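Below is one structure, written out as structure tokens; comments come after it.
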Amino acid sequence: MTEPEKLPPGVLNITTRFAPSPTGFLHLGHAFAAWQAFGFAAQNNGRFVLRIEDTDHTRCRPEFETAILEDLHWLGLTWEEPVRRQSDHLAVYKSYIDHLTELGLTYPCFCSRKEILEASAAANLPIGPDGPLYPGTCRKLTPREIHRHQADGRSHVLRLDLTEALKKVPPSLTFDEVGSDGSLPKGPTPVDATSAGDIVLARKGSTTSYHASVVVDDHLQGITDVVRGRDLYSATHIHRLLQELWGFEAPRYHHHDLLLDSDGRKLSKRDQDHAIRAMKKAGKTPADLKEMIEENLAAQNRG
382 MTEPEKLPPG VLNITTRFAP SPTGFLHLGH AFAAWQAFGF AAQNNGRFVL RIEDTDHTRC
442 RPEFETAILE DLHWLGLTWE EPVRRQSDHL AVYKSYIDHL TELGLTYPCF CSRKEILEAS
502 AAANLPIGPD GPLYPGTCRK LTPREIHRHQ ADGRSHVLRL DLTEALKKVP PSLTFDEVGS
562 DGSLPKGPTP VDATSAGDIV LARKGSTTSY HASVVVDDHL QGITDVVRGR DLYSATHIHR
622 LLQELWGFEA PRYHHHDLLL DSDGRKLSKR DQDHAIRAMK KAGKTPADLK EMIEENLAAQ
682 NRG
């Protein structure tokens, strides 16, 4: 399997993380991502931490978390204890989001998914990291209109007002990409937060969202190097913006290749044939999984 890169001498205090969501069983792609983050820390005499991103209470299940821990131990990974579970820190995320609200950088959005899809399509907006870009329907709601929606019992998410947020940060904002995926440019990369639009900071029925909680956690856990798949490259732009708004130091980013199925799509939790537990039950070993990863990557290079 491809060895994680090693940083030049003098770059110290490396900390990486693997942060799965307990919404299903881990698959071969997760094993590759976990090994990459773990291996990078080991190569650089650094720390490796495990985080459970379980803020989606409708999909996360305790049995999946148990399975994740078992599978990662079976893969040979070790990590610092205690494991950080996002559901234990909702008040922390809320406090950071409240700060953005105090700065006038958030607004409630009452649109349904269907309304967003229709409005985005009508405006011919592109697809962002979270799906169709939000057209800004609720951005200019008056206090009276907001109160009326709330009185009618309409639930809402909290969105970042990107236009106002960009006024608070330097126009030349960048992040440092040092990853191994040859399709991505290395070095200081200009941030293009407009590609994400007015992202959701707090979901309906929750005090946070993926974007908000992952940025806060990476800061609080001292993550120096975010090692993850290139499917999250577009999200890095908005994460860098949030880091700047909250005054956080930016980590380095290592976006690696993805494992693909026979149809050329990235592996997903719905694909049980590639589930680690299924392969373990079939008699596969961690060494077998590493060989499968090498074959998958080599096939992509040949294609």
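Under our numbering, residues 382 to 684 are what the sequence shown spells out, in order. Backbone N, C-alpha and C fix where the C-beta goes; we use that ideal spot for every residue, glycine too. Note that the structure is predicted; figures quoted are calculated from it, not measured.
State the start and end residues of the unbroken alpha helix (DSSP H) segment that holds residue i.
i: Thr482; result: 471 to 483
i: His592; result: 591 to 601
i: Tyr488; result: From DSSP, Tyr488 is part of no alpha helix (DSSP H) but of the beta strand (DSSP E) over 487 to 490.
i: Leu554; result: First-last for Leu554: undefined, no H or E at that position.
i: Thr544; result: 543 to 547
i: Arg621; result: 614 to 627
i: Arg494; result: 494 to 503
i: Phe419; result: 409 to 424
i: Phe445; result: 443 to 455
Is it buried or exposed for residue i, if we count other Cβ within 10 angstroms and need 16 for buried?
i: Asn505; result: exposed
i: Ser594; result: buried
i: Glu672; result: exposed
i: His618; result: buried
i: Gly664; result: exposed
i: Gly628; result: exposed
i: Gly645; result: exposed
i: Leu623; result: buried
i: Leu484; result: exposed
i: Ala415; result: buried
Where does the unbroken beta strand (DSSP E) through residue i begin, and where does it stop?
i: Asp606; result: 606 to 610
i: His636; result: 633 to 637
i: Ile433; result: 428 to 433
i: Phe399; result: 396 to 399
From the DSSP output, in three-state form, read off residue i for me.
i: Ala663; result: coil
i: Arg520; result: coil
i: Pro513; result: strand
i: Ala686; result: Absent from the model: residue 686. The displayed extent of the chain is 382 to 684, so no value can be given.
i: Lys567; result: coil
i: Arg535; result: coil
i: Arg683; result: helix
i: Leu678; result: helix
i: Arg465; result: strand
i: Leu670; result: helix
i: Ala574; result: helix
Within its chain, find whatever has a CB closer than 8 Å to the CB of residue i; leave out the 5 residues flanking it on each side and keep chain order.
i: Ser536; result: Phe491, Lys585, Gly586
i: Lys647; result: Gly410, Gly610, Asp612, Leu639, Leu640, Leu641
i: Ala443; result: Before going on, a small fix: residue 443 reads as Pro here, not Ala. So the list reads Pro403, once near-sequence residues are dropped.
For residue i, I'd like the list of residues in its chain whose CB is within less than 7 Å of its CB, leaving aside the five on either flank, ordered along the chain.
i: Gly457; result: Pro667
i: Tyr474; result: Thr588, Thr589, Ala593, Ser594, Val597
i: Asp452; result: Leu407, Ile657, Arg658
i: Phe413; result: Leu640, Ile674
i: Ile497; result: Pro513, Tyr515
i: Pro507; result: Leu514
i: Trp460; result: Phe429, Val430, Leu431
Is the CB-CB distance between residue i and residue j below 7 Å?
i: Leu471; j: Thr588; result: yes
i: Phe429; j: Pro403; result: no
i: Asp579; j: Leu547; result: no
i: Ala423; j: Phe399; result: no
i: Val572; j: Val538; result: no
i: Asp669; j: Thr397; result: no
i: Gly560; j: His454; result: no
i: Thr575; j: Thr555; result: no
i: Gly427; j: Ile395; result: yes
i: Ala631; j: Ile478; result: no
i: Ala500; j: Thr518; result: yes
i: Lys567; j: Glu558; result: yes
i: Tyr488; j: Arg440; result: no
i: Lys650; j: Gly405; result: yes
Using C-beta distances below 6 Å, list every residue in its chain close to residue i, excluding the 5 sequence neighbours before and after it, in chain order.
i: Pro510; result: Ala577, Ser615, Ala616
i: Gln467; result: Glu434, Asp435, Thr436, Ser594
i: His530; result: Phe491
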